[in-house]
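Just below is one structure, and these are the notes that go with it.
Protein chains: 2
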Amino acid sequence: MSVILHDLCGADPDRRFSPYCWRVRMALAHKGVAHEALPWRFTDKAAIADAGTDKVPVLRHAGRAIAESWTILEYLEDHWPGAPSLFGGEGGRALSRFVNTWSDAVMMTGIARLVVSDIPAHLAPADAEYFTRTREARFGRALPEVTASREREVEGFRRDLHPLRMVLRERPWLSGPTAGAADFIAFGPLQWARCVSAFPLLTPDDPVHAWRGRLLDAFGGLARAAPAEDLG
Amino acid sequence: MSVILHDLCGADPDRRFSPYCWRVRMALAHKGVAHEALPWRFTDKAAIADAGTDKVPVLRHAGRAIAESWTILEYLEDHWPGAPSLFGGEGGRALSRFVNTWSDAVMMTGIARLVVSDIPAHLAPADAEYFTRTREARFGRALPEVTASREREVEGFRRDLHPLRMVLRERPWLSGPTAGAADFIAFGPLQWARCVSAFPLLTPDDPVHAWRGRLLDAFGGLARAAPAEDLG
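Which chain is which? The protein sequence lines are H and U, in order.
Going by my numbering, the first residue of the first sequence is number 1, and it counts up by one from there.
Going by my numbering, the first residue of the second sequence is number 233, and it counts up by one from there.
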């Protein structure tokens, strides 16, 4: 197959949980690009070193190795111009970048504080040691301490989703009449959480919850079929 | 003149400070639509009642009266299709709506808590009474109490601008190669503050500050020429 994605996995090679890889997997499905998603672990640095990075996603196509999810989305849009658009034009491309910085700053950061302690149990031993050590250094405390108050702190996270919720009260997708890159960018962090943690981030009556459900169902239920913990 | 904008003003009819009206004024300038911006005060409800609203902006064109800034931006895009685009295509239009909900939830709400007590001094007496009464009801306390801790609370507001800042570190405009609706939507609340309060919302080394400066200079310095308090 001519397109390969290096895709983060847990001890179970079918547990694919990277939010950044999910952005790309949804985009590949949207574009209808046939590909192989190879399992990759945090400690497999050598397998992607030629892409000049130590993190996935890395996409391989036509002799190139492309790192970083946003760069990959732009690459897909530019190299498969005849397939359904990810951005819906140049204005959509520019503003999808804002959705990306918003999703990283608000969703990734917020969700990490709510689920990070649930992740090591899903990892192969060497990855669990690597993950725990690097994340404890980042947070400055043990991972169970980071999430100890999550029952209370999830309220703040839900409030921070208000701009997304306001749009989804009016319309089914963020990107336009159909789902697109901005939807996949915001979905990635929620799918990350779903794959590693049973902690309920969203209430069932939240328009964000319903939108997540539509994205889980998209592309023949690609994301819903993934091994996961939060089945709500 | 065939296009009229009802535009909120203070006791001085030249002090135009509505964040929502500024979104529309910048969009009218971007489109090059000749218009008259008529001064309107909070208590002039009768002047806009035919638009089915009690708030400005209201745009009059071709016998129609159109309320609500987002609706007006879409109207301008659709009725002046040959003029420079506000959205850069359908994807940009959809995601500008997300920027609008983000700007309202994060910027408007955040800035209101930092500057609201500075507004009544700029208003005509009947408006000052109306504004103080309605806003104190909204906040549940006296306006000087709302802003009493602003020297400290501005730090949180600046942190909340991080998604915007991340984009503006990479590129000059939010909307694409040129400024567009998303820029004007995020600029409106900052221009609101600038017109009524000397309190510095942004530090001079912030990419958001530099971007605000570019928008103040746009269209021959339209926004910079407006009577204002924060001249930084």
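Positions of the beta carbon are idealized from the N, C-alpha and C atoms, including for glycine.
Small disclaimer: the values here were computed from a predicted structure and weren't measured.
For a contact meaning CB atoms closer than 8 Å, what does residue 320 of chain U contact in chain H? 89, 90, 91, 92 and 94
Hey, out of U:382, U:335 and U:374, whose CA is closest to residue 163 of chain H's CA? Residue U:335 is the option with its Cα nearest to residue 163 of chain H.
So, are the CB atoms of residue 320 of chain U and residue 264 of chain U less than 8 Å apart? no
Where residue 123 of chain H and residue 12 of chain H are concerned, what is the direct C-alpha to C-alpha distance, given to the nearest angstrom? 8 Å
Using a Cβ-Cβ cut-off of less than 7 Å, give me the residues of the segment 173 to 196 of chain H that come near chain U, in sequence order. 174, 175, 176, 180 and 182
Beta-carbon proximity check, residue 189 of chain H vs residue 107 of chain H, cutoff 8 Å: yes
Short CB-CB distance (under 8 Å) between residue 395 of chain U and chain H: Judged by the 8 Å Cβ criterion, residue 395 of chain U is in contact with chain H.
How about residue 302 of chain U: is its C-beta nearer than 8 Å to some C-beta of chain H? no
Give me the subset of the segment 24 to 47 of chain H whose CB atoms are less than 8 Å from a CB atom of chain U, sorted by chain position. none
For the alpha helix (DSSP H) that residue 370 of chain U lies in, which residues bound it at each end? First-last of the alpha helix (DSSP H) with residue 370 of chain U: 357 to 371.
Are residue 379 of chain U and residue 428 of chain U close, meaning C-beta to C-beta below 8 Å? No, Cβ-Cβ distance for residue 379 of chain U and residue 428 of chain U is not below 8 Å.
Interface partners of residue 333 of chain U on chain H, CB under 7 Å: 163, 166 and 167
DSSP has residue 237 of chain U in a bridge; who is on the other side? U:269 and U:291
Kindly list the residues whose CB is nearer than 6 Å to the CB of residue 324 of chain U, restricted to its own chain and excluding five residues on each side of it in sequence; keep chain order. Within its own chain, no residue has a Cβ closer than 6 Å to the Cβ of residue 324 of chain U once the five positions on either side in sequence are excluded.
8 Å contact criterion, which residue 283 of chain U and residue 266 of chain U should meet: CB distance rounded: Actually they are not in contact, since the Cβ atoms of residue 283 of chain U and residue 266 of chain U sit about 21 Å apart, beyond 8 Å.
Chain U within 8 Å of residue 210 of chain H, Cβ atoms only: Residue 210 of chain H does not count as touching chain U.
By DSSP, does residue 165 of chain H sit in helix, in strand, or in coil? DSSP places residue 165 of chain H within a helical segment (H, G or I) once states are collapsed to three.
Proximal chain U residues relative to residue 105 of chain H, where beta-carbon distance stays under 8 Å: 394, 395 and 398
Shorter than 8 Å from the beta carbon of residue 330 of chain U to some beta carbon of chain H? yes
Identity of the residues DSSP links to residue 298 of chain U by a beta bridge: U:291
From U:464, U:454 and U:449, residue whose alpha carbon lies closest to that of residue 438 of chain U: U:464
Measuring CB to CB, does residue 174 of chain H end up less than 8 Å from residue 167 of chain H? yes
Just mark residue 435 of chain U as buried or exposed, buried being the case when its beta carbon has 16 or more other beta carbons within 10 Å. exposed
State the start and end residues of the unbroken alpha helix (DSSP H) segment that holds residue 485 of chain U. In the structure as shown, chain U begins at 233 and stops at 464. Residue 485 of chain U is therefore absent and cannot be evaluated.
Per the DSSP calculation, residue 248 of chain U is bridged to which residue(s)? U:241
Express the C-alpha separation of residue 352 of chain U and residue 361 of chain U in angstroms, rounding to a whole number. Taking the straight line from one Cα to the other gives about 8 Å.
What residues in its chain sit with their C-beta under 7 Å from that of residue 27 of chain H, if we drop five residues either side in the sequence? 73, 76, 86, 181 and 184
Using C-beta distances below 6 Å, list every residue in its chain close to residue 83 of chain H, excluding the 5 sequence neighbours before and after it, in chain order. 31 and 32
To the nearest whole angstrom, what separates the beta carbons of residue 326 of chain U and residue 176 of chain H, a pair I think is in contact under 8 Å? With 8 Å as the limit, residue 326 of chain U and residue 176 of chain H qualify as a contact, their Cβ atoms being about 4 Å apart.
Using 8 Å as the threshold, is the C-beta distance between residue 292 of chain U and residue 269 of chain U below it? No; because the gap between Cβ atoms is not below 8 Å, this pair is not in contact.
Cutoff 6 Å; reference residue 419 of chain U; Cβ partners in own chain excluding five residues on either side: 447
Does the distance from the C-beta atom of residue 5 of chain H to that of residue 24 of chain H stay below 8 Å? Yes, the Cβ-Cβ distance between residue 5 of chain H and residue 24 of chain H is below 8 Å.
Euclidean distance between Cα positions of residue 385 of chain U and residue 346 of chain U: CA-CA distance, residue 385 of chain U to residue 346 of chain U, rounds to 8 Å.
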